[in-house]
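With our numbering applied, the sequence shown covers 99 to 723. A short write-up of the structure that comes next.
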Amino acid sequence: MIKRWVGKLLERLVLVPAFFILMAVAAAGSQAQTLPSEGAPAAPAGDSTAHAFEIEVQAPKPVQDYLLRHLELRRYQSLTDLDDSELARLVGMAEPNVRELMGTLGYFSPDIHLELRETPGNPRSPRLVVITVQPGEPVRVSGVSFEFTGPIATDEAAAAQRRAIQAGWPLRAGMTFTQAAWDAAKTQALRELTTRRYPVGRLSSTRADIDPETKTARLSVTLDSGPLYRLGALQISGTQRYGNDLVRRLARLAPGADYDQTRLVEAQRRLTDSGYFDSAVVSLDTTGDPAAAPVLVQVREAKLKKIVLGIGASTDSGARLSVEHTNQQLPGIGWRAVSKLSLDRVTKSIGTEITSPPDDDNWRWVTSALAQRQESGSFDVTSQRLRAGRTQTSERIDRSYYLQYDRAQPNDLGAPVTAEALSANYAWTQRNFDALPFPSRGYGLGVELGGGVTLGADRQPFVRTDIRWLGYVPLASSQDGTPAAMRAGRIELRAEGGAVLAREEANLPSTQLFLTGGGTTVRGYDFRSIGTTLPNGQTVAGRYLAVGSVEWQHPITVNDRLTDWESTVFVDAGAVADKPAELRGKVGIGAGVRWKSPVGPLQIDLAYGVAVRRLRLHLSVGFTF
99 MIKRWVGKLL
109 ERLVLVPAFF
119 ILMAVAAAGS
129 QAQTLPSEGA
139 PAAPAGDSTA
149 HAFEIEVQAP
159 KPVQDYLLRH
169 LELRRYQSLT
179 DLDDSELARL
189 VGMAEPNVRE
199 LMGTLGYFSP
209 DIHLELRETP
219 GNPRSPRLVV
229 ITVQPGEPVR
239 VSGVSFEFTG
249 PIATDEAAAA
259 QRRAIQAGWP
269 LRAGMTFTQA
279 AWDAAKTQAL
289 RELTTRRYPV
299 GRLSSTRADI
309 DPETKTARLS
319 VTLDSGPLYR
329 LGALQISGTQ
339 RYGNDLVRRL
349 ARLAPGADYD
359 QTRLVEAQRR
369 LTDSGYFDSA
379 VVSLDTTGDP
389 AAAPVLVQVR
399 EAKLKKIVLG
409 IGASTDSGAR
419 LSVEHTNQQL
429 PGIGWRAVSK
439 LSLDRVTKSI
449 GTEITSPPDD
459 DNWRWVTSAL
469 AQRQESGSFD
479 VTSQRLRAGR
489 TQTSERIDRS
499 YYLQYDRAQP
509 NDLGAPVTAE
519 ALSANYAWTQ
529 RNFDALPFPS
539 RGYGLGVELG
549 GGVTLGADRQ
559 PFVRTDIRWL
569 GYVPLASSQD
579 GTPAAMRAGR
589 IELRAEGGAV
599 LAREEANLPS
609 TQLFLTGGGT
619 TVRGYDFRSI
629 GTTLPNGQTV
639 AGRYLAVGSV
649 EWQHPITVND
659 RLTDWESTVF
669 VDAGAVADKP
679 AELRGKVGIG
689 AGVRWKSPVG
699 PLQIDLAYGV
709 AVRRLRLHLS
719 VGFTF
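Below you can see the structure in the form of structure tokens.
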């Protein structure tokens, strides 16, 4: 379904610029007509609805907008049969309401004046209520005091949590006191308390002492932790085919561990991401013994078999059609089998992967077979790959080791000869991003190491390595995730290096060598078009790879508000050669936009390949590392 959605989305991308231009024009026109200027009536221009009275607020713009939205007096404008005495009574009641609203903004000593005027020449209303407000100086926080009661107050193991609650308090000394900020600060402090160790904690008392004379507010907060909770046994419901042991291995919630809401959320995500379950809910039963609180796990199993049809498109490979079949439990062994057929302009492939359920350490056995025909430089290459090994995945680190057989046969005259190889490999990936799939800081590192031997009449040993790195560096000095910090944008840095060490005469499969170019590597060039150049000018895969990229990502704002769009400018460079000294970088420069779509980042880039002197449009969806 996602692939179908992506395909439809990409088909309509040509409409996106026009759509947003029209929306911007419409919004600008609407804003020009409806935003009230200081001292203007509340009703928008062009509104001919008859009112009992108009309201005009004379105050600084932020105060004016707030009062016009929340005044109780506005509720009575439609009562056109109000007589003078009733209206005068309502106007008299408006002052306490205005004073209360000003208090929520942090102004506790405003100068307020209300006036009722006759406006017989106004066709919409014969009367006008003028509210004049001089806010005065806002109340500012003079200090904040915290008190902890319950086990958290004396438990040394909770010292870091106490410090985190106080350090994370957002309403600090010197800041303007408002009711909204006060409520948000209390909510955050309570959330920091109850998400770790103390799920039944509460705010036992809070107090804001306002001094109108000094325009200061002294805040005090008392947090009662309640008892310390530790995880007990899992109470699982909803399993039929897969059994409770699989749920326990996927959840990885050790009895006796301190309660941490983050761990429960991660366990829930592992269950839903496993493919065995369509849904999962993991929660703590706080009605039981705090020393061993039951963990409630409710799951809904996925169908035993399913078929997924997918369509999509990209500028690198054109239109794409795929069919994927999944069998969650193969008869006899209980392993999962996923078979997929995929067809696009560049690659035609069919493959199967068979995976065991995870063990107690989350390791799985994996075997796979893949046959494909792919454009490789200047040639079409038919290849086969067999792989068998073990893999382990987690939130931040993935590991795998496997044996692999490769065979590659070019299909064109003048291409390299058919080659085969057998290798042993190890792959390790670490992800330290702040938020996926839309990271703003952090890094990822991937390393692949392998060694093997070519097959055939002349067997030659070889060693292969590939290292990838991706990093995000925020440009703002602030690290607190505030809107100002987010508006500053970030720098995305990308680098990859690879090498295959072997004798010059070794006949290596092209699938063990390197090509680059395209929307995810070096933009401005065709997909996998950068390689080693033969004497006849044709391009083939090479033994050494170097790729680098620098990209500035800047949020797009509308009316000073962050949107789900970002603009980018970038420089990419990549090179492939059979000898390190022969590496010659090909450069691509360009600009683009990013959209936080429901299925991950949508990337639209226009890049100029300096070496080929050509512009290329690159489209891609999703974040992977």
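In this text, a Cβ means the ideal position worked out from N, Cα and C, and glycines have one as well.
Review point. Under a three-way DSSP split, which group does residue 264 fall into?
Key: Position 166 of the sequence shown, counted from the start, is the residue given in the question as residue 264. DSSP places residue 264 in helix when its eight states are reduced to three.
Review point. Is there a Cβ from chain D that is less than 8 Å from the Cβ of residue 516?
Key: No chain D appears in this structure, which consists of one protein chain only.
Check your understanding: Is the number of C-beta pairs between the region 359-368 and the region 333-341 that are closer than 8 Å three or more?
Key -> No: fewer than three Cβ pairs fall under 8 Å.
Point to revise | Integer Cβ distance of residue 246 from residue 321, believed to fall under 8 Å | key: Residue 246 sits at position 148 when you count from the first residue of the sequence shown. Residue 321 sits at position 223 when you count from the first residue of the sequence shown. At roughly 5 Å, the Cβ-Cβ gap stays under 8 Å, so residue 246 and residue 321 are in contact.
Point to revise | Element boundaries [beta strand (DSSP E), containing residue 373] | key: The count along the sequence shown starts at 1 and reaches residue 373 at position 275. Taken as a continuous stretch (DSSP letters only), residue 373 belongs to no beta strand (DSSP E), as it is neither H nor E.
Point to revise | Inter-residue spacing [alpha-carbon to alpha-carbon] between residue 528 and residue 602 | key: Counted from its first residue, the sequence shown places residue 528 at position 430. Counted from its first residue, the sequence shown places residue 602 at position 504. One alpha carbon belongs to residue 528, the other to residue 602, and they sit about 34 Å apart.
**Study point:** Cβ neighbours of residue 290 in the same chain (closer than 8 Å, five flanking residues each side left out)
**Key:** For the purposes of this step, residue 290 is identified with residue 192 of the sequence shown, where counting begins at 1. Closer than 8 Å at Cβ, skipping near neighbours: 259, 262, 263 and 266.
Review point. On the three-state DSSP scale, how would you describe residue 130?
Key: Here residue 130 refers to the residue found at position 32 of the sequence shown. Residue confidence is low: residue 130 scores 34 on pLDDT, short of 50, so the model does not pin down where it sits. Its coordinate-derived value is still stated next. Helix.
Point to revise | Coarse secondary structure for residue 636, derived from DSSP in three states | key: Within the sequence shown, the letter at position 538 stands for residue 636. In the displayed model, residue 636 falls within coil according to three-state DSSP, outside both helix and strand.
Point to revise | Residue closest to residue 152, alpha-carbon to alpha-carbon, out of 167, 195, 222 and 413 | key: Position 54 of the sequence shown holds residue 152. It is 222 whose Cα lies nearest to the Cα of residue 152.
Review point. Under a Cβ-count criterion, where at least 16 other Cβ atoms within 10 Å of its own Cβ denotes burial, should residue 716 be classed as buried or exposed?
Key: Taking the sequence shown and counting its residues from 1, one reaches residue 716 at position 618. Residue 716 is buried by the Cβ-count criterion.
Review point. Alpha carbon to alpha carbon, what distance is there between residue 541 and residue 533?
Key: Translated into the one-based positions of the sequence shown, residue 533 becomes position 435. Translated into the one-based positions of the sequence shown, residue 541 becomes position 443. Each residue's alpha carbon lies about 11 Å from the other.
Exercise for review: Report, in whole angstroms, the separation of the C-beta atoms of residue 237 and residue 315, which I expect to be a contact under 8 Å.
Suggested key: Counting from 1 along the sequence shown, the entry for residue 237 is found at position 139. Counting from 1 along the sequence shown, the entry for residue 315 is found at position 217. Rounded, the Cβ-Cβ distance is 5 Å, consistent with contact.
Point to revise | At least three beta-carbon pairs within less than 8 Å, the region 682-689 to the region 705-721 | key: By the Cβ test, the region 682-689 is in contact with the region 705-721, since at least three Cβ pairs between them sit closer than 8 Å.
Practice item. Check the C-beta distance from residue 470 over to residue 447 and give it rounded, since I have them as a contact under 8 Å. Key: Taking the first residue of the sequence shown as 1, we reach residue 470 at position 372. Taking the first residue of the sequence shown as 1, we reach residue 447 at position 349. Contact flag correct, Cβ pair sits at about 4 Å.
Check your understanding: Near residue 139, what residues of its chain come up, given a Cβ to Cβ distance below 6 Å and the 5 sequence neighbours on each side ignored?
Key -> Within the sequence shown, numbered from 1, the residue matching residue 139 stands at position 41. The predicted model places residue 139 with a pLDDT of 42, which falls under 50 and marks its position as unreliable; any figure quoted below should be read in that light. Excluding sequence neighbours, residue 139 sits near 152 and 154.
Check your understanding: Would you call the region 405-417 and the region 389-396 in contact, with 3 or more CB pairs under 8 Å?
Key -> Because the criterion of three Cβ pairs below 8 Å is not met, the region 405-417 and the region 389-396 do not touch.
Check your understanding: By how many angstroms is the C-alpha of residue 463 removed from the C-alpha of residue 399?
Key -> Within the sequence shown, residue 399 is the residue found at index 301, counting from 1. Within the sequence shown, residue 463 is the residue found at index 365, counting from 1. The straight-line gap from Cα to Cα measures roughly 22 Å.
Exercise for review: Specify the secondary structure class of residue 235 as computed by DSSP and reduced to three states.
Suggested key: Position 137 of the sequence shown, counted from the first residue, corresponds to residue 235. Looking at residue 235 - three-state DSSP - the assignment turns out to be coil, as it is neither helix nor strand.
Check your understanding: Hey, how far is the Cα of residue 148 from the Cα of residue 210?
Key -> Looking up residue 148 in the sequence shown gives position 50. Looking up residue 210 in the sequence shown gives position 112. Roughly 27 Å between the two C-alpha positions.
Practice item. Return the first residue and the last residue of the alpha helix (DSSP H) that residue 281 is part of. Key: Here residue 281 refers to the residue found at position 183 when the sequence shown is read from its first residue. DSSP places residue 281 in the uninterrupted alpha helix (DSSP H) bounded by 277-292.
**Study point:** Entirely enclosed alpha helix (DSSP H) segments - the region 305-346, minimum 4 residues
**Key:** Complete alpha helix (DSSP H) runs here, min 4: none at all.
Exercise for review: Let me know the secondary structure DSSP gives residue 605 once reduced to three states.
Suggested key: Here residue 605 corresponds to residue number 507 of the sequence shown, with the count starting at 1. If DSSP states are grouped into helix, strand and coil, residue 605 belongs with coil.
Review point. According to DSSP, which residues form a beta bridge with residue 540?
Key: Taking the sequence shown and counting its residues from 1, the one referred to as residue 540 is at position 442. Residue 540 pairs with 531 and 570.
Point to revise | As assigned by DSSP and simplified to three states, the class of residue 680 | key: Taking the first residue of the sequence shown as 1, we reach residue 680 at position 582. Reduced to three states, the DSSP call for residue 680 is helix.
Review point. Based on the DSSP output, what are the partners of residue 247 in its beta bridges?
Key: On the sequence shown, residue 247 is found 149 positions in, with the first residue counted as 1. Residue 247 is bridged to 322.
Point to revise | Exposure label - residue 167; buried when at least 16 CB within 10 Å | key: Position 69 of the sequence shown holds residue 167. A residue is called buried once 16 or more other Cβ atoms fall within 10 Å of its Cβ, and residue 167, having fewer, is exposed.
Practice item. Could you name the residues of the same chain whose beta carbon sits closer than 8 Å to that of residue 145, not counting the 5 residues immediately before and after it, in chain order? Key: Position 47 of the sequence shown holds residue 145. Confidence at residue 145 is low in this model, with a pLDDT of 48, below 50, so the placement of that residue is unreliable and no value is reported for it.
Check your understanding: Around the Cβ of residue 722, are there at least 16 other Cβ atoms within 10 angstroms (buried) or fewer (exposed)?
Key -> One-based indexing of the sequence shown puts residue 722 at position 624. So residue 722 counts as exposed.
Check your understanding: Taking the alpha-carbon positions, what's the residue 610 to residue 650 distance?
Key -> Walking along the sequence shown from the start, residue 610 turns up at place 512. Walking along the sequence shown from the start, residue 650 turns up at place 552. Using only the alpha carbons, I get a separation of about 33 Å.
Check your understanding: Which whole-angstrom value is the C-beta distance of residue 326 and residue 355, which I expect to be below 8 Å?
Key -> Mapped onto the sequence shown, residue 326 falls at position 228. Mapped onto the sequence shown, residue 355 falls at position 257. Contact doesn't hold; Cβ gap of about 12 Å is too wide.
Point to revise | Residues that residue 470 bridges to, as DSSP identifies them | key: As a first step, residue 470 is located in the sequence shown; it is residue number 372 there, counting from the start. Partner(s): 447 and 481.
Practice item. Compute the distance between the beta-carbons of residue 434 and residue 450, then report whether it is under 8 Å. Key: Within the sequence shown, residue 434 is the residue found at index 336, counting from 1. Within the sequence shown, residue 450 is the residue found at index 352, counting from 1. No, Cβ-Cβ distance for residue 434 and residue 450 is not below 8 Å.
Review point. Just to confirm, does residue 648 get its C-beta within under 7 Å of one of the non-hydrogen atoms of the ligand ADP?
Key: The ligand content of the structure shown is nil, which means the ligand ADP is not present either.
Exercise for review: Identify whether residue 188 lies in helix, strand or coil by the three-state DSSP scheme.
Suggested key: For the purposes of this step, residue 188 is taken as the residue at position 90 of the sequence shown. The DSSP-derived three-state label of residue 188 is helix.
Practice item. To the nearest angstrom, report how far apart residue 303 and residue 666 are at their CA atoms. Key: Along the sequence shown, read from residue 1 onward, the residue named residue 303 stands at position 205. Along the sequence shown, read from residue 1 onward, the residue named residue 666 stands at position 568. C-alpha of residue 303 to C-alpha of residue 666: approximately 48 Å in a straight line.
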